[in-house]
Amino acid sequence: MSALLTTDHLIACPACGVVHQFQNLMPKTQARCQRCETVLYRYHPYWQSQSEALWLAACILFVISNSFPLFMMRTQGMMQELSMLRAVTAFWQGDLYLISALLALNLLLLPLLELVIVGWVLLTLRLQWQAARALLLLRGLQEFKPWGMLEIFMLSTLVALIKLGDLASLVMEIAFFSLSLQIIVIALLNRAFEPFWVWRTLGQLKQTQTPS
Ligand SMILES: [Zn+2]
Numbered sequence: 047m048s049a050l051l052t053t054d055h056l057i058a059c060p061a062c063g064v065v066h067q068f069q070n071l072m073p074k075t076q077a078r079c080q081r082c083e084t085v086l087y088r089y090h091p092y093w094q095s096q097s098e099a100l101w102l103a104a105c106i107l108f109v110i111s112n113s114f115p116l117f118m119m120r121t122q123g124m125m126q127e128l129s130m131l132r133a134v135t136a137f138w139q140g141d142l143y144l145i146s147a148l149l150a151l152n153l154l155l156l157p158l159l160e161l162v163i164v165g166w167v168l169l170t171l172r173l174q175w176q177a178a179r180a181l182l183l184l185r186g187l188q189e190f191k192p193w194g195m196l197e198i199f200m201l202s203t204l205v206a207l208i209k210l211g212d213l214a215s216l217v218m219e220i221a222f223f224s225l226s227l228q229i230i231v232i233a234l235l236n237r238a239f240e241p242f243w244v245w246r247t248l249g250q251l252k253q254t255q256t257p258s
């Protein structure tokens with residue numbers, strides 16, 4: 047869904063473009079487009095504090111996922127650790143550069159970039175930093191977010207695990223569980239970090255910082 051075009055009083059439906067007037071909502075309600083029924087915004091007074099808590103949890107899980115092994119693999123009496131970084135370097139050393147680059151992008155770089163930008167936006171709102179920079183970063187986040195495929199990686203890993211079950215014994219390690227949790231926490235963060243409220247609050251901050 048693209049960003050809503052909004053001022054303090056007007057909201058354009060992101061799906062069909064009809065312009066609506068902003069109204070305060072009652073608890074547990076949401077505003078929908080009159081024409082196409084797309085949800086425009088939800089009653090969400092604690093989105094900022096919820097997003098901050100979830101962002102912090104996601105950062106801790108990201109560090110754990112990238113610092114510890116995903117699996118311990120035992121085959122023919124040999125034990126081997128498999129971590130995300132080791133998987134990326136193993137493919138690179140095996141001349142499978144494209145797979146290595148895709149893994150690095152989806153496992154490390156895109157999740158890190160997303161956490162940095164969301165963190166920057168939340169800190170901007172909390173500490174009243176320069177809103178224009180945060181707005182630019184938020185626009186960038188919307189551009190690259192559809193390229194992130196962390197969930198697909200987890201699904202592929204589960205399929206590979208089932209297939210490998212006959213050849214080697216695999217033990218899931220701490221990073222596997224933290225990565226699973228990281229995906230769930232980021233999904234919750236995406237829900238709490240609702241675009242309508244984020245854009246609106248940043249826009250209001252920018253207005254207070256613009257010299258009249
Ligand atoms: Zn609409």
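In this text, residue positions in the sequence shown follow my numbering: the first is 47, and each later residue adds one.
All C-beta atoms in this analysis are idealised placements derived from N, C-alpha and C, irrespective of residue type, glycine included.
For Cys105, same chain residues with a beta-carbon under 6 Å away, outside a window of 5 residues either side, are Leu161 in chain order. Using a Cβ distance threshold of 8 Å, Leu184 and Val167 count as a contacting pair.
Look at Phe239 here: in three-state DSSP terms it is coil, with no helix or strand label. Per DSSP, the beta-bridge partners of Arg88 are Gln76. Bridge partners of Phe117 according to DSSP: Leu128 and Met218. Between Val164 and Gly194, the alpha-carbon positions lie close to 15 Å from each other. DSSP places Gln67 in the uninterrupted beta strand (DSSP E) bounded by Val65 to Gln67. Less than 8 Å separates the beta-carbon of Lys252 from that of Ala178. The set of residues whose C-beta lies within less than 6 Å of a heavy atom of ligand 1 reads, in chain order, Cys59, Ala61, Cys62, Val64, Cys79, Arg81, Cys82 and Thr84.
By the Cβ-count criterion, Cys59 is buried, with 16 or more other Cβ atoms from all chains shown falling within 10 Å of its own Cβ. Glu98 counts as buried, since at least 16 other C-beta atoms from the protein chains shown sit within 10 angstroms of its C-beta.
Apart from the 5 residues on each side of it in sequence, Gln80 sits with its Cβ closer than 8 Å to the Cβ of Val64 and His66 in its chain, given in chain order. Using a Cβ distance threshold of 8 Å, Ile220 and Ile110 count as a contacting pair. A residue is called buried when at least 16 other Cβ atoms come within 10 angstroms of its Cβ; Ile232 meets this threshold and is buried. Within the same chain, Met200 come within 7 Å of Ser226 by CB-CB distance, once the 5 residues on both sides are set aside.
Taking C-alpha positions only, Leu159 is separated from Phe239 by approximately 16 Å.
With a contact defined as Cβ atoms closer than 8 Å, Leu144 and Phe190 miss out at about 18 Å. Counting C-beta atoms within 10 angstroms of its own C-beta, Pro73 has fewer than 16 neighbours from the protein chains shown and is therefore classed as exposed.
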